[in-house]
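Visitor: Have a look at the structure that comes next, please.
Residue numbers (our numbering), protein chains in the order written: chain V, 3 to 283; chain P, 41 to 445.
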């Protein structure tokens, strides 16, 4: 804040930053170290091994990728999360279009109703959803999970997109309509391409909510191995006594590292407060 | 939009909203209805099946719907029926709250908080005055002092423990509230400190620190796996205890001690959530005009004065919604506690464990004990609380302002 910081303040700032960075990075670093340790040795008994790769092997990765159904789990996760993203974008874009471009009675009510209804925690509605999917014959299938995920992203995604659409000047579309475009095609031809950044962020957040979810996936698609998703499968792997921790760690690293990279790449979008800005309207 | 009018407009709107409305009805509204209905029944693992001849059951339980009867599992066990009395599940959860002793405890705790509310009111009133101000610090200091005094005079710990004895609901909600009250301010302070440092000019290595400190946010989207890693760190043989061993002591068994386990969950959950605050505050800081600080420096303001008089008031509009949002999500925290402690350490059979927060409790009741009746009653009460909290937060933060016009 100050123009010229005194040396002592500079030092203090760096001390805080270094401690915070250790706090921020160590758990991830620990997971990486554990993924390279042989067999069931999650902990080495010398402290150095807790911080530096004193031993390293790709054995855990090899076992996870070629002997365990981990690739199947990853594929399942990718599939479910991708379809969820596409479905939720389609549903939300059309809803956000109607809510942003038309003034009609009950619009405010509908928007607040969405927010109010979403305060009912997803975990608590899971029993009803599981029952419903059972009745529909979709329990234990990816289709059921995708339906539940898509429904779960709707409120956030609609609010976010609607907020962004509101910032796109309507005059552009109106001039297209003078040229004979219908409101719908004017919107899709002119406003939608302008909303690409918001669509991208909404898509990635939607993807992540399916990619990282634990509760829904573990309840709605509990078994067998061939349909499990990566995160719940890894969790149960870690909790079963017979499996070495190194396997879990290597699997976790494969799931976590790309996730972190995607978030880092989106860093600048978050900084503008887009996630909140959308909700703020 | 001036495009269409009348019927055509309405048909378009309905067409575009239809998928959303359908999804919301099926996956949000219907679960709430079924949940509320089941909360009045004695459904549990011995009575899992619907009795389709009962009108409401037949209407609400999907297994009874004619189209779906073929897919319905034919389980063992008796059908569930309405509780007698009808509020039986609610009574189990918090019935003893309405005894004179418990109500007195509630009043005593309320009285303890009164000085703080008074101080808040008084300091707001003082702010509006132009002269003859009583300093805000003095008002708050006095308020806190009186509150602390009352805490001991009225023996609040005893009141709390007698409230905790009234049933699971108060125990779990109280503990979760405590968690939120500890976690959110710490997260805010950590985020604020880091954002202030990162916002300072010509700080070599700024980009590196910024990226490094942002990492937990990415990791938080696969929270349950990272929470397991945190659990490893605090195990008996984990990194933390190995450091203790090198220094020459023996570390505690973190996850077996109620207070330490609570602390571990707080530390891990702060790790997940501070980047959000850091980024929100950083964004807000960058929008503060530099001239304000220059003017303040000319007047001889120090770091603290600038922080309290310029920075904090100006980032308030951006940070307040973030704080409210974080509080609501912290109240619903599930993954961190579930993966690290599983709700434990236990304090005896049938009593919620030391880190059994709202969602962990609900999860265990539903999926481990299969006490659907009690669990859904719990869900209904939590829903009411969250609903009111959200409505209130919308008012406070004016989050929906600008969405209607």
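Cβ atoms here follow ideal geometry from the backbone N, Cα and C, with glycine treated the same way.
Small disclaimer: the values here were computed from a predicted structure and weren't measured.
Check whether the stretch 256-265 of chain P and the stretch 243-259 of chain V touch, using three or more Cβ-Cβ pairs below 8 Å as the test.
Guide: The stretch 256-265 of chain P, when compared against the stretch 243-259 of chain V, does touch it at the 8 Å Cβ threshold.
Visitor: At a cut of 8 Å, does the stretch 103-115 of chain V reach the stretch 232-241 of chain V through at least three beta carbon pairs?
Guide: The answer is no - the stretch 232-241 of chain V does not touch the stretch 103-115 of chain V, with fewer than three Cβ pairs under 8 Å.
Visitor: Based on DSSP bridge pairs, tell me the residues matched to residue 122 of chain P.
Guide: Paired residue(s): P/81.
Visitor: Per the DSSP calculation, residue 89 of chain P is bridged to which residue(s)?
Guide: P/119.
Visitor: Report the residue ranges of all alpha helix (DSSP H) runs contained in full by the stretch 47-86 of chain V; include only those spanning at least 4 residues, in chain order.
Guide: You should have 50-53, 61-64.
Visitor: Are the beta-carbon atoms of residue 67 of chain P and residue 145 of chain V separated by less than 7 Å?
Guide: Contact: no.
Visitor: Touch check for the stretch 303-322 of chain P and the stretch 377-386 of chain P: three-plus C-beta pairs under 8 Å?
Guide: Yes, since at least three Cβ pairs between the stretch 303-322 of chain P and the stretch 377-386 of chain P fall closer than 8 Å, the two stretches touch.
Visitor: Which of the three DSSP states is assigned to residue 265 of chain V in this structure?
Guide: Looking at residue 265 of chain V - three-state DSSP - the assignment turns out to be helix.
Visitor: Going by C-alpha to C-alpha distance, which of P/205, P/64, P/178 sits closest to residue 142 of chain P?
Guide: For the residues P/205, P/64, P/178, the minimum Cα distance to residue 142 of chain P belongs to P/205.
Visitor: Could you tell me whether the Cβ of residue 405 of chain P comes closer than 7 Å to any Cβ of chain V?
Guide: No, because no Cβ of chain V sits closer than 7 Å to the Cβ of residue 405 of chain P.
Visitor: Below 8 Å, how does it come out for the stretch 218-236 of chain P and the stretch 275-291 of chain P: are there three or more Cβ pairs, yes or no?
Guide: With the cut-off at 8 Å, the stretch 218-236 of chain P and the stretch 275-291 of chain P do not touch.
Visitor: Kindly indicate which three-state DSSP category residue 278 of chain V falls into: helix, strand or coil?
Guide: Confidence at residue 278 of chain V is low in this model, with a pLDDT of 40, below 50, so the placement of that residue is unreliable and no value is reported for it.
Visitor: For residue 142 of chain V, which of helix, strand or coil comes out of DSSP?
Guide: The answer is coil: DSSP assigns residue 142 of chain V none of H, G, I, E or B.
Visitor: Tell me whether residue 427 of chain P sits in a helix, a strand or coil according to DSSP, three-state version.
Guide: Here residue 427 of chain P sits in helix by DSSP.
Visitor: By DSSP, does residue 208 of chain P sit in helix, in strand, or in coil?
Guide: Looking at residue 208 of chain P - three-state DSSP - the assignment turns out to be helix.
Visitor: Chain V partners of residue 7 of chain P, CB-CB under 9 Å?
Guide: There is no way to answer for residue 7 of chain P, as the model of chain P reaches only from 41 to 445.
Visitor: Below 8 Å on C-beta distance, what does residue 70 of chain P contact in chain V?
Guide: Here the neighbours are 130, 134.
Visitor: Are the beta-carbon atoms of residue 294 of chain P and residue 312 of chain P separated by less than 7 Å?
Guide: No; because the gap between Cβ atoms is not below 7 Å, this pair is not in contact.
Visitor: Please list the terminal residues of the continuous alpha helix (DSSP H) segment that includes residue 357 of chain P.
Guide: Note, residue 357 of chain P: alpha helix (DSSP H), 352-371.
Visitor: Please name the residue in P/243, P/93, P/415 whose C-alpha comes closest to that of residue 13 of chain V.
Guide: Considering only alpha carbons, the answer is P/243.
Visitor: Helix, strand or coil for residue 41 of chain P, going by three-state DSSP, please let me know.
Guide: Any reading at residue 41 of chain P needs caution, since the residue's pLDDT is 46, under 50, leaving its predicted position unreliable; the model's value is listed next. Of the three classes helix, strand and coil, the one that applies to residue 41 of chain P here is coil, per DSSP.
Visitor: DSSP state of residue 225 of chain V, grouped into three classes?
Guide: Coil.
Visitor: Whose Cβ in chain P lies nearer than 7 Å to the Cβ of residue 269 of chain V?
Guide: Ordered by position in chain P, the residues that pass the 7 Å Cβ test against residue 269 of chain V are 254.
Visitor: Mind checking if residue 142 of chain P is an interface residue toward chain V, Cβ cutoff 7 Å exclusive?
Guide: Residue 142 of chain P does not count as touching chain V.
Visitor: Let me know the secondary structure DSSP gives residue 241 of chain P once reduced to three states.
Guide: Residue 241 of chain P falls in the coil class under three-state DSSP.
Visitor: Give the straight-line distance between the Cα atoms of residue 133 of chain P and residue 222 of chain V, rounded to the nearest whole angstrom.
Guide: Their backbone Cα atoms lie some 28 Å apart in a straight line.
Visitor: Counting Cβ pairs, one atom from each stretch, are 3 or more of them under 8 Å apart for the stretch 91-110 of chain P and the stretch 177-185 of chain V?
Guide: Flag = no, the stretch 91-110 of chain P and the stretch 177-185 of chain V do not touch.
Visitor: Please state whether the Cβ-Cβ distance between residue 400 of chain P and residue 422 of chain P is less than 7 Å.
Guide: No.
Visitor: Have a look at residue 151 of chain P and residue 141 of chain V and give me their C-alpha separation to the nearest angstrom.
Guide: One C-alpha to the other measures close to 51 Å.
Visitor: Among P/347, P/218, P/387, P/392, which one has its Cα closest to the Cα of residue 370 of chain P?
Guide: Looking at the Cα atoms, P/218 is the closest of the given residues.
Visitor: Counting along the chain, where does the alpha helix (DSSP H) carrying residue 234 of chain V start and finish?
Guide: First-last of the alpha helix (DSSP H) with residue 234 of chain V: 232-241.
Visitor: Quick check: the stretch 325-341 of chain P against the stretch 242-258 of chain P, are at least 3 beta-carbon pairs closer than 8 Å?
Guide: Taking 8 Å as the limit for Cβ pairs, the verdict is that the stretch 325-341 of chain P does not touch the stretch 242-258 of chain P.
Visitor: Strictly below 8 Å CB to CB, what residues from chain V border residue 234 of chain P?
Guide: Residues of chain V passing the Cβ test: 18, 19, 22.
Visitor: Within 7 Å (strictly less), CB to CB, does residue 265 of chain V reach chain P?
Guide: Taking Cβ atoms only, chain P reaches closer than 7 Å to residue 265 of chain V, which makes this a yes.
Visitor: In the stretch 126-207 of chain V, which residue ranges form an unbroken alpha helix (DSSP H) of at least 4 residues, counting only runs that do not cross its ends?
Guide: Taking only runs of at least 4 residues, the alpha helix (DSSP H) segments lying wholly in the stretch 126-207 of chain V are 128-138, 144-169, 173-180, 185-188.
Visitor: Looking only at its chain, what residues have a beta carbon closer than 8 Å to the beta carbon of residue 301 of chain P, apart from the 5 residues adjacent to it on each side?
Guide: These residues qualify, in order along the chain: 294, 295, 380, 381, 384, 385, 394, 395.
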